[in-house]
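Chemist:
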Amino acid sequence: MSLNFGNIHFSQQPEKVVFLSGSLFRSLGLSSKKSIQLRIGTQTISAAVKPIERSGKHIYLSSGVRNNIPVPRQGPIYIHSSREGEIELGPVVGILSDGPHNSSNPFGARASYIRQLLREGNKKMFVYAFAPRDINWQRGSVQGYILGANGGFVRRTVPLPDVVYNRLPSRKTDFSPFTNQLRDRFGKRNIKFFNWAFFNKSDIYSLLDGDVQAGKYLPETYNNPSPEQIKDMMERHNFVYYKPSAGSLGLGIYRLTYLPKKGYYARYHGNEGNTLLKFPNFNSLMRMLQAKHGSRLRNYVIQQGIRLIEIDGCPIDFRFHMHKNSKNRWAVVGIGAKKAGRGSVTTHIKNGGSLLTPEHALSRAFGSKSREVLERAKQAAITMSEAIENHHPHLLGELGFDIGIDDQERIWMFEANSKPGRSIFNHPALRGEGRASVEHIFDHSMYLSGFHRGNDS
Ligand SMILES: Nc1ncnc2c1ncn2[C@@H]1O[C@H](COP(=O)(O)OP(=O)(O)OP(=O)(O)O)[C@@H](O)[C@H]1O
Ligand SMILES: [Mg+2]
Numbered sequence: 263m264s265l266n267f268g269n270i271h272f273s274q275q276p277e278k279v280v281f282l283s284g285s286l287f288r289s290l291g292l293s294s295k296k297s298i299q300l301r302i303g304t305q306t307i308s309a310a311v312k313p314i315e316r317s318g319k320h321i322y323l324s325s326g327v328r329n330n331i332p333v334p335r336q337g338p339i340y341i342h343s344s345r346e347g348e349i350e351l352g353p354v355v356g357i358l359s360d361g362p363h364n365s366s367n368p369f370g371a372r373a374s375y376i377r378q379l380l381r382e383g384n385k386k387m388f389v390y391a392f393a394p395r396d397i398n399w400q401r402g403s404v405q406g407y408i409l410g411a412n413g414g415f416v417r418r419t420v421p422l423p424d425v426v427y428n429r430l431p432s433r434k435t436d437f438s439p440f441t442n443q444l445r446d447r448f449g450k451r452n453i454k455f456f457n458w459a460f461f462n463k464s465d466i467y468s469l470l471d472g473d474v475q476a477g478k479y480l481p482e483t484y485n486n487p488s489p490e491q492i493k494d495m496m497e498r499h500n501f502v503y504y505k506p507s508a509g510s511l512g513l514g515i516y517r518l519t520y521l522p523k524k525g526y527y528a529r530y531h532g533n534e535g536n537t538l539l540k541f542p543n544f545n546s547l548m549r550m551l552q553a554k555h556g557s558r559l560r561n562y563v564i565q566q567g568i569r570l571i572e573i574d575g576c577p578i579d580f581r582f583h584m585h586k587n588s589k590n591r592w593a594v595v596g597i598g599a600k601k602a603g604r605g606s607v608t609t610h611i612k613n614g615g616s617l618l619t620p621e622h623a624l625s626r627a628f629g630s631k632s633r634e635v636l637e638r639a640k641q642a643a644i645t646m647s648e649a650i651e652n653h654h655p656h657l658l659g660e661l662g663f664d665i666g667i668d669d670q671e672r673i674w675m676f677e678a679n680s681k682p683g684r685s686i687f688n689h690p691a692l693r694g695e696g697r698a699s700v701e702h703i704f705d706h707s708m709y710l711s712g713f714h715r716g717n718d719s
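All residue numbers for the sequence shown refer to my numbering, where the first residue is 263 and numbers rise by one.
(1) How many whole angstroms separate the CB atoms of E651 and P682, which I take to be in contact at a CB cut-off of 8 Å?
(2) Which residues does DSSP list as the beta-bridge partners of A593?
(3) Heavy atom of ligand 1 less than 7 Å from the Cβ of K681, yes or no?
(4) Using only the heavy atoms of ligand 1, determine whether one of them is closer than 7 Å to the beta carbon of E534.
(5) So T306 is in the beta strand (DSSP E); what residue range does that whole segment cover?
(6) Tell me whether E677 is buried or exposed, calling it buried when 16 or more other Cβ atoms sit within 10 Å of its Cβ.
(7) Do you know offhand how far L513's Cα is from I408's?
(8) Short of 7 Å in beta carbon distance, which residues of its chain neighbour S719, apart from the five on each side in sequence? Order them along the chain.
(9) Between V594 and A627, is the Cβ-Cβ spacing less than 8 Å?
(10) I want to know whether the stretch 267-286 touches the stretch 356-365 - three or more CB-CB distances under 8 Å.
(11) Enumerate, from N- to C-terminal direction, the unbroken beta strand (DSSP E) stretches of 3 or more residues contained entirely within the stretch 604-647.
(12) When you compare only the Cα positions, how much space is there between K493 and S630?
(13) Helix or strand or just coil, what does DSSP make of F437?
(14) Using a 10 Å radius around the Cβ and a threshold of 16 neighbouring Cβ atoms, would you call N457 buried or exposed?
(15) I'd like to confirm the pairing. Which residues does DSSP put opposite Q565 in its beta bridges?
(16) Would you kindly report the start and end of the unbroken alpha helix (DSSP H) that includes L547?
(17) Please report the distance separating the alpha-carbon of A310 from that of E346.
(18) Leaving aside the five residues before and after F369 along the sequence, list all residues of the same chain whose C-beta is less than 7 Å from its C-beta, in chain order.
(19) Straight-line CA distance for P313 to T306?
(20) Taking its Cβ as the centre, do 16 or more other Cβ atoms sit within 10 Å of N717, making it buried, or is it exposed?
(21) State the DSSP-derived secondary structure class of Q299, mapped to helix, strand or coil.
(22) Shortest alpha-carbon distance to L658 belongs to which of H702, I571, R451, A371?
(23) Using a Cβ-Cβ cut-off of 6 Å (strictly less than) and excluding sequence neighbours within five positions of P542, which residues of its own chain qualify?
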């Protein structure tokens, strides 16, 4: 077993031949070999192998080789040998996303993150982006996208990858029969696939509820509550959140409040902006919700409202961006604090919210204790990541938690996202964390692909 980092060059010989610089030739244990199996992603060919005199770690792939296996590009790459006589170039990472057909920007609003992934990932391994329609299963290849010299997307035929990073943008595509078949086919070829799919709030809540360690961070929550349950929750907790299990962006979320002797209140963000409605009794509140959402209320959850710490009278919560690292362990890679806009029931930026560093937010709330609170919250986020992973049947490599802290310093989890957004990394102080997040995607892909260092390198 040997892992090397070197450079690929293209050469023009018509024969199927791979030239290796002397040190690479020896390090890969090929001294007695005349031919090798060359593997890229899920494709393998056999080729002649010859050492050449050159210092450093270099590999030259002839036209004859490249006509038989699609090589995404020249330049830096890991060269791995897990079996005698076989060398593997990669890993090959495919970023699965989607966007408008036949457009110069095939990934729509995801383009800038995908560009960043391609730019960073290709400093070390083969990384391309693709949509479900770009796969050719018969050939074992993909019409993927890499970055051209001017930063635009360029089409290339590339091998099926070792690892797929799923960033399919919509629940509709993610849960379509076509995508399920795709996951199946990746699985059969032993192509690692993370993250599996979007989460549903109710699935994650019931999963954490049953976990001794992680359950304590979950506010009291019920899936598809009856009106009686909603009323009971409102009376016991004063205010509750009523939210769609598969929702995002704060859409369809209500903050429901019961003030004894005064009445029932519903606060939400509607077409007319932030809205507050008052109801004389519980039934009239329920009638409004039923009139607006009908049977879709079946996919709602009710959750104890947490009184969040505040700055200038505006509640604050936190996004914890988690990754698995090269050792397959969870790490907190970025934390953003989100301050709600005035009158908003959520902390979403487009709803008037603003972004702060966690140190800034916590020192305003807890002064000298803020560092300790932050450490406890990080530990909680790791505990919850492990719990979700343990109860989840598929690979997870990245998570985004919405976490609240109350003035008793208690930590609460509102939501876990399997395709977390990246808006926290727009904060000037969090750009480094944004880069670290991208690096973790590739460190973990390295782990998943089995590109491991042997004892002899
Ligand atoms: N139980 C609660 N107590 C207090 N605040 C809450 C509660 N649940 C949600 N919130 C607030 O509402 C915000 C949005 O909630 P949540 O993340 O569950 O919904 P979402 O629409 O899925 O959001 P996203 O855009 O992050 O997917 C939270 O970040 C938090 O500020
Ligand atoms: Mg959220």
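We put the beta carbon where it would ideally sit given N, CA and C, even for glycine. The structure displayed is predicted, hence computed values, not measured ones.
Modeler: Once the coordinates are examined:
(1) The residue you call residue 651 lines up with position 389 of the sequence shown. The residue you call residue 682 lines up with position 420 of the sequence shown. E651 to P682, Cβ: 15 Å. No contact.
(2) The residue given as residue 593 occupies position 331 in the sequence shown. Answer is H585, bridged to A593.
(3) Here the question's residue 681 lines up with position 419 in the sequence shown. K681 Cβ: outside cutoff for every heavy atom of ligand 1.
(4) Locating residue 534 in the sequence shown gives position 272, where the first residue counts as 1. E534 Cβ: outside cutoff for every heavy atom of ligand 1.
(5) One-based indexing of the sequence shown puts residue 306 at position 44. Note, T306: beta strand (DSSP E), 305-314.
(6) Stepping through the sequence shown from its first residue, residue 677 is reached at position 415. E677 should be labelled buried.
(7) For the purposes of this step, residue 513 is taken as the residue at position 251 of the sequence shown. For the purposes of this step, residue 408 is taken as the residue at position 146 of the sequence shown. When rounded, the distance between both Cα atoms is 35 Å.
(8) By one-based count along the sequence shown, residue 719 stands at place 457. Because S719 carries a pLDDT of 38, less than 50, the predicted location of this residue cannot be relied on, and the following value inherits that uncertainty. Taken in chain order, the residues that qualify are S264, L265, N266, S289.
(9) Within the sequence shown, residue 594 is the residue found at index 332, counting from 1. Within the sequence shown, residue 627 is the residue found at index 365, counting from 1. Contact flag unset, no.
(10) no
(11) 616-618
(12) The residue given as residue 493 occupies position 231 in the sequence shown. The residue given as residue 630 occupies position 368 in the sequence shown. Approximately 40 Å, taken between the alpha carbons.
(13) Position 175 of the sequence shown, counting from 1, holds the residue named residue 437. Looking at F437 - three-state DSSP - the assignment turns out to be coil, as it is neither helix nor strand.
(14) Along the sequence shown, one-based indexing puts residue 457 at 195. So N457 counts as buried.
(15) Position 303 of the sequence shown, counted from the first residue, corresponds to residue 565. Paired residue(s): T483, Y503.
(16) Here residue 547 is taken as the residue at index 285 of the sequence shown, counted from 1. Looking at the DSSP string, the run of the alpha helix (DSSP H) that includes L547 is 544-555.
(17) Within the sequence shown, numbered from 1, the residue matching residue 310 stands at position 48. Within the sequence shown, numbered from 1, the residue matching residue 346 stands at position 84. Using only the alpha carbons, I get a separation of about 15 Å.
(18) Stepping through the sequence shown from its first residue, residue 369 is reached at position 107. Closer than 7 Å at Cβ, skipping near neighbours: S359, G361, I376, A391.
(19) Locating residue 313 in the sequence shown gives position 51, where the first residue counts as 1. Locating residue 306 in the sequence shown gives position 44, where the first residue counts as 1. For P313 and T306, the distance between alpha carbons rounds to 20 Å.
(20) Numbered from 1 along the sequence shown, position 455 holds the residue referred to as residue 717. Because the pLDDT of N717 is 45, which lies under 50, any placement of that residue in the model is unreliable, and the question is left without a value.
(21) In the sequence shown, residue 299 corresponds to position 37, counting from 1. Correct three-state label for Q299: strand.
(22) Here residue 658 corresponds to residue number 396 of the sequence shown, with the count starting at 1. Of the candidates H702, I571, R451, A371, the one whose C-alpha sits nearest the C-alpha of L658 is H702.
(23) Within the sequence shown, numbered from 1, the residue matching residue 542 stands at position 280. If we look at P542 and ignore the five residues flanking it on each side, its Cβ neighbours are G525.
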